[in-house]
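Inspection log for the structure reproduced underneath, given as structure tokens.
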Amino acid sequence: MERAISPEERIKRAEEIYNRRKMQSGIRVSTSNVNTKSKVEYSLFKKLVLQILICLVIYFIFYLIRNSNYIFSEDVINKTKNFLSYDINFQQVYVELENYYNNNIKTILKSNNNESNIEENNIEENLEKSNEENVQGSLNVSVEEVGIGGGEEGSDLLENEIVKDVSADEENKVELSQMEIDANEIKKNYNLIRPLKGTVSSRFGPRTPTNIISANHAGIDIAANEGTVFISSMEGKVTCVATEGGYGNHIYIQNNDVITLYAHCKSIYLKEGESVSQGQKIGEVGSTGNATGPHLHFEIRKSDRVVNPEYILTF
11 MERAISPEER IKRAEEIYNR RKMQSGIRVS TSNVNTKSKV EYSLFKKLVL QILICLVIYF
71 IFYLIRNSNY IFSEDVINKT KNFLSYDINF QQVYVELENY YNNNIKTILK SNNNESNIEE
131 NNIEENLEKS NEENVQGSLN VSVEEVGIGG GEEGSDLLEN EIVKDVSADE ENKVELSQME
191 IDANEIKKNY NLIRPLKGTV SSRFGPRTPT NIISANHAGI DIAANEGTVF ISSMEGKVTC
251 VATEGGYGNH IYIQNNDVIT LYAHCKSIYL KEGESVSQGQ KIGEVGSTGN ATGPHLHFEI
311 RKSDRVVNPE YILTF
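Residue numbers (the numbering used here): 11 to 325.
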């Protein structure tokens, strides 16, 4: 005789059969009922182990410090106490730093400024002296019995040189003038000598003009008795011997790009094309051409630019 099955049991059996068929057919069953308790316990175990290790490390460090004879030695403790008890007077420190700055740094800065000012003053003095020499003439020299004179050719060259020097000076006051550069090159490459001993009657540069005297003196006039013999200032070749113009009897002697001119001569011993040695007698002092009396007009030129003879020689 079969046992009667209640409706609840039927429903339960039906669910069991349904679930079993789902598992056999490969249908995934919900994991909402999966037990994750083991994973949580494993994570807690890791944290516990990590905390224990950290505590051990801290304890080990504390143990080392506590049993170290140096870190907490009396010497270290006393020095630490002394350092902590030291009262720093910041006002005194500021005063000492200020005194050091005033006594040392300011002195160095002042010394550097003084050196710069001295160097600038020297440059300005040299420039002023150069400009004075470039434009200084014989304005204070009166026309007396001593001979002076000059030709227009050198005067025109000098006028051009004065304009160039002034322009160069305005552009850059530190640079040398072209005339100074030429003079330095002549002194470096040649050893000129004075052609005549005598009194300088008219120097290089601007001067008061007359119907005989040119406004710009391109050379230097050396007064001497008529007939006094003069010599060649340098070796070279005679490129010109002439009698015309304001120079009167005059002679050009050239060595490369340097020319020396001797004018107002009474007589000239050489002819054009002859070679001349330094110190050789080349003529006699006279007063030919535009001259107020016997004298030797002496010029130095480099590349057709006149050069103040006193930049090179002492008269």
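C-beta: ideal position from N, C-alpha, C; glycine also.
Nearest to Thr270 (by Cα), restricted to the options Ala225, Asn259, Ser242, Ile223: The residue given as residue 270 occupies position 260 in the sequence shown. The shortest Cα separation from Thr270 among Ala225, Asn259, Ser242, Ile223 belongs to Ser242.
Quick check on this structure: which residue in Leu206, Glu309, Glu245 has the alpha carbon closest to the alpha carbon of Gly293? For this step, residue 293 is matched to residue 283 along the sequence shown. Ranking Leu206, Glu309, Glu245 by Cα distance to Gly293 puts Leu206 first.
Does any heavy atom of the ligand NAD sit closer than 6 Å to the C-beta of Ala225? The ligand NAD is not part of the structure shown, which contains no ligands of any sort.
Beta-carbon proximity list for Lys197, same chain, < 7 Å, skipping 5 on both sides: Counting from 1 along the sequence shown, the entry for residue 197 is found at position 187. These residues qualify, in order along the chain: Ile322.
In the structure shown, what three-state DSSP assignment does Gln333 receive? Any answer about residue 333 is impossible in this case: the structure gives the chain only from 11 up to 325.
Would you kindly work out how many angstroms separate the C-alpha atoms of Phe240 and Ser287, rounded to a whole number? Counted from its first residue, the sequence shown places residue 240 at position 230. Counted from its first residue, the sequence shown places residue 287 at position 277. Going from the Cα of Phe240 to the Cα of Ser287 covers about 13 Å.
Nearest to Thr298 by CA position, among Gly237, Gly229, Asn114, Tyr73, is which residue? Taking the first residue of the sequence shown as 1, we reach residue 298 at position 288. Ranking the options by Cα distance to Thr298, first place goes to Gly237.
Where does the unbroken beta strand (DSSP E) through Asp314 begin, and where does it stop? The count along the sequence shown starts at 1 and reaches residue 314 at position 304. From DSSP, Asp314 is part of no beta strand (DSSP E); its letter is neither H nor E.
Using a Cβ-Cβ cut-off of 8 Å (strictly less than) and excluding sequence neighbours within five positions of Lys247, which residues of its own chain qualify? Counted from its first residue, the sequence shown places residue 247 at position 237. Only Ile263, Gln264, Asn265, Gly283, Glu284, Ser285, Val286 meet the Cβ criterion.
Residue burial classification, Thr41 (beta-carbon count within 10 angstroms, cutoff 16): The sequence position of residue 41 within the sequence shown is 31, counting from 1. Its pLDDT being 49, under 50, Thr41 is placed unreliably in this model, and the value from its coordinates should be taken loosely. That one is exposed.
When DSSP labels each residue in this structure, what does Ser277 get in the three-state scheme? As a position in the sequence shown, residue 277 is number 267, starting the count at 1. If DSSP states are grouped into helix, strand and coil, Ser277 belongs with the strands.
Nearest by alpha-carbon distance to Ala228: which of Thr220, Ile222, Phe214, Asn235 is it? The residue you call residue 228 lines up with position 218 of the sequence shown. The candidate whose alpha carbon is nearest that of Ala228 is Phe214.
Tell me which residue opens and which closes the beta strand (DSSP E) that Lys291 is part of. To locate residue 291, count along the sequence shown from 1; it is residue 281. Looking at the DSSP string, the run of the beta strand (DSSP E) that includes Lys291 is 291-295.
Enclosing alpha helix (DSSP H) for Lys32 [first to last residue]: Reading the sequence shown from its first residue, position 22 is the one you call residue 32. From DSSP, the alpha helix (DSSP H) with Lys32 extends over 17-34.
Whose CA, out of Leu202, Ala234, Pro216, lies closest to the CA of Glu245? Here the question's residue 245 lines up with position 235 in the sequence shown. Of the candidates Leu202, Ala234, Pro216, the one whose C-alpha sits nearest the C-alpha of Glu245 is Leu202.
Identify every run of the beta strand (DSSP E) within the segment 211-275, keeping only runs that are complete inside it and at least 3 residues long; order them along the chain. 230-233, 239-241, 246-252, 260-265, 268-273
Would you say Val210 and Phe325 are within 7 Å of each other, going by their C-beta atoms? For the purposes of this step, residue 210 is taken as the residue at position 200 of the sequence shown. For the purposes of this step, residue 325 is taken as the residue at position 315 of the sequence shown. Yes.
Distance check for Phe70 and Asn88, CA to CA, integer angstroms please. In the sequence shown, residue 88 corresponds to position 78, counting from 1. In the sequence shown, residue 70 corresponds to position 60, counting from 1. Taking the straight line joining both Cα atoms gives about 26 Å.
Hey, could you find the ends of the alpha helix (DSSP H) Asn199 is sitting in? As a working note, residue 199 is residue 189 in the sequence shown. First-last of the alpha helix (DSSP H) with Asn199: 188-199.
For Glu51, the three-state DSSP class (helix, strand or coil): Walking along the sequence shown from the start, residue 51 turns up at place 41. Glu51: helix per DSSP, three-state reduction.
Can you find the residues in the same chain that come closer than 6 Å, C-beta to C-beta, to Glu320, ignoring five residues on each side of it along the sequence? As a first step, residue 320 must be located in the sequence shown, where it is residue number 310. Counting only Cβ-Cβ distances below 6 Å, and skipping sequence neighbours, we find nothing.
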